[in-house]
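K.L.:
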Amino acid sequence: MSALEDYLRDLIAQEGPLTLERFMGLALGHPTMGYYITRDPFGVAGDFITAPEISQMYGELIGLWAAETWVAMGAPPHLHLVELGPGRGTLMKDALRAASVAPAFANVIEAHLVETSPVLAKAQMETLAGAHVPVSWHSSIETIPPGPAIIIANEFFDALPVRHYVKDAGAWRERLVGLDAQGRFAFGLSREAEASIKVDAPQGAVIEIGAVGQRIMTTLATRLVEQGGAALIIDYGYAQTVLGETLQALRDHQFVDPLDCPGEADLTTHVDFAALARAARAAGAQVHGPVTQGALLTGLGIFERARALSRRADAAQSAGIEAALARLVSDQAGIEVDGGVVDGMGELFKALCVTAPGMAPPAGFWPPS
Ligand code: SAH
Numbered sequence: 031m032s033a034l035e036d037y038l039r040d041l042i043a044q045e046g047p048l049t050l051e052r053f054m055g056l057a058l059g060h061p062t063m064g065y066y067i068t069r070d071p072f073g074v075a076g077d078f079i080t081a082p083e084i085s086q087m088y089g090e091l092i093g094l095w096a097a098e099t100w101v102a103m104g105a106p107p108h109l110h111l112v113e114l115g116p117g118r119g120t121l122m123k124d125a126l127r128a129a130s131v132a133p134a135f136a137n138v139i140e141a142h143l144v145e146t147s148p149v150l151a152k153a154q155m156e157t158l159a160g161a162h163v164p165v166s167w168h169s170s171i172e173t174i175p176p177g178p179a180i181i182i183a184n185e186f187f188d189a190l191p192v193r194h195y196v197k198d199a200g201a202w203r204e205r206l207v208g209l210d211a212q213g214r215f216a217f218g219l220s221r222e223a224e225a226s227i228k229v230d231a232p233q234g235a236v237i238e239i240g241a242v243g244q245r246i247m248t249t250l251a252t253r254l255v256e257q258g259g260a261a262l263i264i265d266y267g268y269a270q271t272v273l274g275e276t277l278q279a280l281r282d283h284q285f286v287d288p289l290d291c292p293g294e295a296d297l298t299t300h301v302d303f304a305a306l307a308r309a310a311r312a313a314g315a316q317v318h319g320p321v322t323q324g325a326l327l328t329g330l331g332i333f334e335r336a337r338a339l340s341r342r343a344d345a346a347q348s349a350g351i352e353a354a355l356a357r358l359v360s361d362q363a364g365i366e367v368d369g370g371v372v373d374g375m376g377e378l379f380k381a382l383c384v385t386a387p388g389m390a391p392p393a394g395f396w397p398p399s
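Counting from 31, one number per residue, gives the positions in the sequence shown under the numbering used here.
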């Protein structure tokens, strides 16, 4: 049994069942024992692979997107390029390399990485050791200095804890995590009903609410409205708010029970982009999209970039570029990579852009012609 499991059991014994939000927050982010705090979960040897780790093209296109968006902002003389949850720092490295083809932009950037995991912050420092712009680290967005900003969040919102409410005997009750008779973690429901949820649904229906993510979106949007800029949020999720739960746990590329081995498995949910968009609009910001990741990357020229890279590649490298391209933009199931099979991310993943009011739709968010 892990030390975090012991800690959570003691906590439940002392305080009673925990809300799912608190359980998930501790499983992922406990300051010394949380999943993200203790390890680098990426890559073939880790629990999952993200788009920037699949291909350099991903970060490069986002770097060029940032340069274009900076021009659309009126090319302010100083820009904070912020990334939330930067993982290994691969996206930022590829973005900064691509941005160096636009020196007017590259010369005004200061990069800020918002990361709570010391293990991953160290990996980011190594990845970005040769960066030609100033780079600093923050444990929250609150400490980023004022001024116009472009904010990138790739697979960040799916890693934030959620609340579940379950329809039970005509009322919505919050899902809690307690201990069963054998001392295992088990779901239960709060005694008090949540009167603020007015949704009609059958017995047993579940509503998933990403309150932590919505609060972060409110903070980002408020900043963009006051100080200018844009945020690009890319993640798996859905464009409309729907009933149902999407909590999942991944360990060694396999799905496991979300209550088993807290701290050892990645807990995530699909992102409710409609709820993020509502939070952004409520703060006075302008919302573009969501569009699918496939549409965004196609609009930003990933096919042209893949062709250019393939021209300089040997046969094996070209096949790798093709497989990465299919994985990033298509919704094809069963793409063969490195001896395994994976599904395309092109449709499941969505991109949302939030800007200060009055900005034209940024690159990749133009309506289809
Ligand atoms: N963007 C990266 C990593 C995604 S995984 C990629 O696409 O590869 C989620 C990242 O968010 C990790 O770096 C994790 O440590 C970080 N993270 C999780 N919760 C966080 C929080 N509350 N504040 C800042 N970073 C957080």
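Think of the CB as a built atom: it goes at the ideal place given N, C-alpha and C, for glycine as much as any other residue. Keep in mind it's a predicted model, so treat the numbers as computed, not measured.
Helix, strand or coil for GLU334? Go by DSSP, reduced to three states.
P.N.:
Numbered from 1 along the sequence shown, position 304 holds the residue referred to as residue 334. The answer is helix: DSSP assigns GLU334 an H, G or I state.
K.L.:
Taking 8 angstroms as the limit between beta carbons, can you name the residues of its chain near GLU83, skipping five residues before and five after?
P.N.:
To locate residue 83, count along the sequence shown from 1; it is residue 53. Around GLU83: PHE72, GLY73, GLY117, ARG118 and THR120.
K.L.:
Looking at ASP188: is its Cβ nearer than 8 angstroms to the Cβ of TYR266?
P.N.:
Here residue 188 is taken as the residue at index 158 of the sequence shown, counted from 1. Here residue 266 is taken as the residue at index 236 of the sequence shown, counted from 1. In this structure, TYR266 lies closer than 8 angstroms to ASP188 by Cβ.
K.L.:
What is the DSSP secondary structure of SER32, counted as helix, strand or coil?
P.N.:
Residue numbering aside, residue 32 sits at position 2 when the sequence shown is read from its first letter. The answer is coil: DSSP assigns SER32 none of H, G, I, E or B.
K.L.:
Could you please give the first and the last residue of the uninterrupted beta strand (DSSP E) stretch that includes PHE401?
P.N.:
Residue 401 is absent from the model: the chain starts at 31 and stops at 399.
K.L.:
Taking all protein chains shown into account, do 16 or more other C-beta atoms lie within 10 angstroms of the C-beta of VAL112, making it buried, or fewer, making it exposed?
P.N.:
For the purposes of this step, residue 112 is taken as residue 82 along the sequence shown, with counting starting at 1. So VAL112 ends up on the buried side.
K.L.:
Which one of VAL196, GLY243, ARG245 and VAL242 has the shortest CA to CA distance from GLU224?
P.N.:
Along the sequence shown, one-based indexing puts residue 224 at 194. Out of VAL196, GLY243, ARG245 and VAL242, VAL196 has the C-alpha closest to the C-alpha of GLU224.
K.L.:
Measuring CA to CA, which of ASP287, ILE237 and ALA307 is closest to ALA269?
P.N.:
Looking up residue 269 in the sequence shown gives position 239. Ranking ASP287, ILE237 and ALA307 by Cα distance to ALA269 puts ALA307 first.
K.L.:
With 16 as the cutoff for other CB atoms within 10 Å, does GLN362 come out buried or exposed?
P.N.:
Within the sequence shown, numbered from 1, the residue matching residue 362 stands at position 332. Classification of GLN362: exposed, given that the 10 Å Cβ count is below 16.
K.L.:
When you measure from the CB of GLU185 to every non-hydrogen atom of ligand 1, does any distance come out below 7 angstroms?
P.N.:
Reading the sequence shown from its first residue, position 155 is the one you call residue 185. Yes; taking the cut-off as 7 angstroms, the Cβ of GLU185 has a heavy atom of ligand 1 nearer than that.
K.L.:
What does GLN278 pair with, by DSSP beta-bridge criteria?
P.N.:
Working through the sequence shown from its first residue, we reach residue 278 at position 248. DSSP lists THR298 as partners of GLN278.
K.L.:
With a threshold of 8 angstroms, are at least 3 pairs of Cβ atoms found where one atom belongs to the segment 285-293 and the other to the segment 328-341?
P.N.:
no
K.L.:
Counting C-beta neighbours from all protein chains within 10 Å, is the total for GLU172 16 or more, i.e. buried, or is it exposed?
P.N.:
Residue numbering aside, residue 172 sits at position 142 when the sequence shown is read from its first letter. Per the 10 Å Cβ criterion, exposed.
K.L.:
Give the straight-line distance between the Cα atoms of GLN316 and SER32, rounded to the nearest whole angstrom.
P.N.:
Here residue 316 corresponds to residue number 286 of the sequence shown, with the count starting at 1. Here residue 32 corresponds to residue number 2 of the sequence shown, with the count starting at 1. Whole-angstrom Cα-Cα distance: 45 angstroms.
K.L.:
Along the chain, where does the alpha helix (DSSP H) that runs through LEU355 open and close?
P.N.:
Within the sequence shown, numbered from 1, the residue matching residue 355 stands at position 325. Note, LEU355: alpha helix (DSSP H), 345-359.
K.L.:
Measuring alpha carbon to alpha carbon, tell me which of ASP40, ASP70 and LEU50 ends up nearest GLU30.
P.N.:
Shown here, the chain extends from 31 to 399; a query on residue 30 therefore has no answer.
K.L.:
With distances taken Cα to Cα, identify the nearest neighbour of GLY329 among GLY240, GLY59, PRO191 and LEU94.
P.N.:
The residue given as residue 329 occupies position 299 in the sequence shown. Of the listed residues, the one whose Cα sits closest to GLY329 is LEU94.
K.L.:
What residue from LEU206, ALA381 and ARG337 has the CA that sits closest to GLU45's CA?
P.N.:
The residue labelled residue 45 in the question sits at position 15 within the sequence shown. Of the candidates LEU206, ALA381 and ARG337, the one whose C-alpha sits nearest the C-alpha of GLU45 is LEU206.
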